[in-house]
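In what follows, a single structure is set out as structure tokens and then discussed.
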Amino acid sequence: MKTDSKPLVYSMAVLVILMLTVLLTACGGAPPPPAEAGAAVESSAPARTIQNKGSDTLVNLALAWAERYREIRPDVSIAVTGGGSGTGIAALINGTVDIANASRKMKDKEFEAARANGIEPVEFVVAIDALAVVVHPDNPVDRLTIDQLADIFTGRITNWKEVGGNDAPIILLSRETNSGTHVYFLEEVVRKGEKDNEDIFAPQTLLMPSSVGITSELRRNPNAIGYDGLGYVTEEEKMIAVARTASSPYVLPSVESGSDGSYPIARNLYMYTAGEPSDVIAEYLDWIRGPEGQAIVAELGFVPLPQE
Amino acid sequence: MSTTPISGETNVSTVSVSMIFQRLKATNWYEFVIEGLIRLAGVSTIFIVGLIFLFLLREGLPAFLDIPLRQLFGPRWYPIEGRFGIWPLMVGSFIVTVGAVIIAVPLGLTTAIYLGEIAPPWQREILKPFIEVLSGIPSIVLGFLGWVALAPLVQRLGAPTGLTAFTGSLLLAYMSLPTIISISEDALYAVPKEYRDAALAIGATQWQTIWRVVLPAARSGLVIAVMLGIGRAIGETMAVMMVTGNAANIPPLGPGMLFQPVRTMTATIAAEMGEVAKGSLHYNTLFGIGIILFLITLAINSIAGRLVGAQSSRRRGGQL
């Protein structure tokens, strides 16, 4: 008779919890209708909270901006969250953020989806990022062309010896598909920037939920290759010098080579607002794009915008 | 509490009211309340499950209607370029779950046999709480452990990377062990003591008794334990996402497929939910995967449930 009364109590507790959960999700799960959210953004003069979400590449930068900006404008609070460019843009489309951070341009499809919800996204370039291709420090390979990188990441080259390395299988690492870095790398490296190229990442590519995932796998796997924003490369990773073609010079990523355009995989980082930004948001964006904001960009290992 | 009649006209109704009060008193009025609440809770659960399924259908069905089935069950999952083949994800979930079952079932059943048949009471007293603690570890903590400690270990075994289906299976095995152990121990406990006595009386050894008498008698309960363990494994998300590498790859058939990175259905939903715009085909497809998962666990649970029914109609023996 050891199990007579207890299960009843347990199952009752479980039922109650289940009911509460369902009630809570039923109440809290419904997102605000987009039109309403759009209106809130337009009339946000009294509201001083800016919701800022998106790119994980930009998240540290966005946090640094938000913290510094609070010292200047204590009345404005900025809530920054990551999740990936796709996540931020989806939130902008669904009307739940004021500013979406993106490490890639919004796609036409996403613009259409936003317009269907009554939101006209406005684009701002806020920094430049050089994308570093990284390997384990023990890997003898230290330079590759864009063509070789494309062959490696589509799975046409599967052994390091084909590009001058050890006889070992290549382990491909990538960010998840919701990462703007993933999409940028797909377009500029895997597809070599060719519009009609339909190549995609090899199916055996490991998709990591975070930059940390890539770093930690690279640290322990001498056969792995990955890519990440220059600001996120750690001492335990070796950066690869990249050349546009076999005949052009191999260039290591750095702030200089990113800003003078000699490094081939550098991209703009964006912020998107839902419609023309209101006063508070416009001031914030002006500050970010001004000298103070761009100084922070350089501090964090990204490439600042050229200042007129 | 009881009311006294004031006039003859209201007599009948007041008498019946007072009778109800009398009955309430006699049988503890709060039992009525509690019974009512339990009934409500039970019915609402059915109602809620129905609603969840309807919601899943509403959001996920377009995926099955809009994507040609050939493509939907095709070999390539790359949703941002419109390739919605969920076959690699199903294969991934399948490999990880089967691996977990292969590891967890022998371990779980032998542990249960030891606990239920062989271990002296004082050992049971020590072991059981530890098994309960195992079931209480949050899966994300196990996932973190797997990512930091288990993956490098698997890589050292010779796998090209530590993030493989096998790593996920190991973690899932440990997560489903408490379920398998406690349910199969209950099943062993339900075998009447007379069976064992009879077996021992005709000269069977303890091992013969366990293997030929107790295990066959508890068979259906053991199958339930395994089924529920599978159900636990296939639905797990976060820990698996952290250690299986998430490559939507179909590994070549063979034992080596355990040591390849895979992407499970649950991990796909978790990783991609945040990026999708509501109402897009990708969004619908993620819910479509949800429907498939729901159907799989429903099938597992209903098979287990039917077996439970078969078992509970047997005579339960009193051991203590």
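So the protein lines, in turn, are chains Y and B.
Per this note's numbering, residue 558 is the first one in the first sequence, and the count goes up by one each step.
Per this note's numbering, residue 65 is the first one in the second sequence, and the count goes up by one each step.
Every residue gets a Cβ at the ideal spot worked out from N, C-alpha and C, and that includes glycine.
Is the Cβ of residue i closer than 9 Å to any Cβ of chain Y?
i         : result
Ile314(B) : yes
Trp211(B) : yes
Arg140(B) : yes
Leu340(B) : Correcting the residue type first, residue 340(B) is Val in the shown sequence and not Leu. Closer than 9 Å to some Cβ of chain Y, the Cβ of Val340(B) qualifies, so yes.
Pro224(B) : yes
Ile353(B) : no
Ala176(B) : no
Arg379(B) : Its pLDDT being 46, under 50, Arg379(B) is placed unreliably by the model, and nothing is read from it.
Gly309(B) : yes
Leu227(B) : yes
Glu145(B) : yes
Arg260(B) : no
Gly185(B) : Sequence check: residue 185(B) is Pro here, not Gly. No, no contact with chain Y.
By how many angstroms is the C-alpha of residue j removed from the C-alpha of residue i?
i         : j         : result
Ala213(B) : Ile838(Y) : 45 Å
Leu809(Y) : Ile797(Y) : 7 Å
Gly210(B) : Leu235(B) : 7 Å
Ile389(B) : Ala623(Y) : In the structure as shown, chain B starts at 65 and stops at 384, and residue 389(B) therefore has no counterpart that could be examined.
Asp665(Y) : Asp699(Y) : 37 Å
Ile635(Y) : Ala164(B) : 45 Å
Arg627(Y) : Ser805(Y) : 45 Å
Arg283(B) : Gln272(B) : 16 Å
Asp753(Y) : Ser819(Y) : 25 Å
Pro591(Y) : Met663(Y) : In this prediction, Pro591(Y) has a pLDDT of 41, which is less than 50 and means its spatial position is unreliable; what the coordinates show is noted afterwards. Going from the Cα of Pro591(Y) to the Cα of Met663(Y) covers about 18 Å.
Ile204(B) : Leu317(B) : 30 Å
Gly31(B)  : Glu123(B) : With chain B covering 65 to 384 only, the question about residue 31(B) has no answer from this structure.
Glu774(Y) : Leu729(Y) : 10 Å
Pro224(B) : Pro726(Y) : 7 Å
Ile714(Y) : Gly721(Y) : 12 Å
Pro863(Y) : Phe681(Y) : 14 Å
Arg846(Y) : Ile629(Y) : 15 Å
Ile646(Y) : Pro280(B) : 58 Å
Trp717(Y) : Phe758(Y) : 17 Å
Pro184(B) : Met306(B) : 39 Å
Do residue i and residue j have their CB atoms nearer than 9 Å?
i         : j         : result
Ile294(B) : Leu371(B) : no
Thr328(B) : Thr361(B) : no
Phe859(Y) : Ala684(Y) : yes
Pro760(Y) : Ile131(B) : no
Val340(B) : Gly737(Y) : no
Lys605(Y) : Val637(Y) : The sequence given here has Arg at residue 605(Y), not Lys. Against a cut-off of 9 Å, the Cβ pair of Val637(Y) and Arg605(Y) comes out as no contact.
Pro779(Y) : Asp695(Y) : yes
Ala781(Y) : Val812(Y) : no
Ala511(Y) : Val654(Y) : One cannot answer for residue 511(Y) here, as it falls past the ends of chain Y, which runs 558 to 865.
Ser618(Y) : Ile853(Y) : Here residue 618(Y) turns out to be Leu, not Ser, going by the sequence shown. Yes, these two residues count as a Cβ contact at 9 Å.
Ala105(B) : Glu733(Y) : no
Ile195(B) : Pro242(B) : yes
Ile607(Y) : Tyr841(Y) : yes
Leu217(B) : Gly226(B) : yes
Which residue's Cα is closest to the Cα of residue i: the options?
i         : options                                    : result
Gly309(B) : Leu118(B), Leu153(B), Leu198(B), Val97(B)  : Leu153(B)
Gly354(B) : Ala127(B), Glu258(B), Val107(B), Gly138(B) : Ala127(B)
Ala363(B) : Asp250(B), Leu198(B), Ala168(B), Ile298(B) : Ile298(B)
Ile650(Y) : Ala673(Y), Leu763(Y), Ile727(Y), Pro806(Y) : Ala673(Y)
Asn735(Y) : Gly675(Y), Gly832(Y), Gln761(Y), Ser660(Y) : Ser660(Y)
Ser731(Y) : Asn696(Y), Ile709(Y), Ser816(Y)            : Ile709(Y)
Ala262(B) : Asp250(B), Leu252(B), Val277(B)            : Val277(B)
Glu385(B) : Trp275(B), Ala311(B), Ala331(B)            : Nothing about residue 385(B) can be read from this structure; chain B reaches only from 65 to 384.
Val169(B) : Trp141(B), Met291(B), Val307(B), Leu227(B) : Met291(B)
Lys192(B) : Ser203(B), Leu179(B), Gly200(B)            : Leu179(B)
Gly114(B) : Gly369(B), Ile367(B), Ala368(B), Phe358(B) : Phe358(B)
Gly369(B) : Trp186(B), Gly232(B), Leu322(B), Ile247(B) : Ile247(B)
Arg625(Y) : Ser767(Y), Asp785(Y), Gln851(Y), Tyr784(Y) : Gln851(Y)
Gly641(Y) : Arg777(Y), Pro631(Y), Glu669(Y), Ser612(Y) : Ser612(Y)
Leu252(B) : Ile177(B), Leu101(B), Arg103(B)            : Ile177(B)
Val304(B) : Ala268(B), Val160(B), Val197(B)            : Val160(B)
Leu173(B) : Asn365(B), Asp250(B), Ile110(B)            : Asp250(B)
Using a Cβ cut-off of 9 Å (strictly closer), state whether residue i contacts chain B.
i         : result
Leu615(Y) : no
Phe710(Y) : no
Gln864(Y) : no
Ala768(Y) : One detail in the question is off: residue 768(Y) reads as Ser in this sequence, not Ala. Ser768(Y) does not count as touching chain B.
Leu688(Y) : no
Pro678(Y) : no
Ile771(Y) : no
Hey, does residue i have any beta-carbon neighbour from chain D nearer than 9 Å?
i         : result
Glu336(B) : Among the chains of the structure shown, chain D does not appear; the protein chains present are Y and B.
Can you find at least 3 beta carbon pairs, one from the segment 701 to 717 of chain Y and one from the segment 731 to 746 of chain Y, that sit closer than 8 Å? yes
Between the segment 117 to 136 of chain B and the segment 340 to 349 of chain B, do at least 3 Cβ pairs fall closer than 8 Å? yes
Given 8 Å as the limit, is there contact between the segment 681 to 698 of chain Y and the segment 782 to 799 of chain Y, that is, 3 or more CB pairs closer than that? yes
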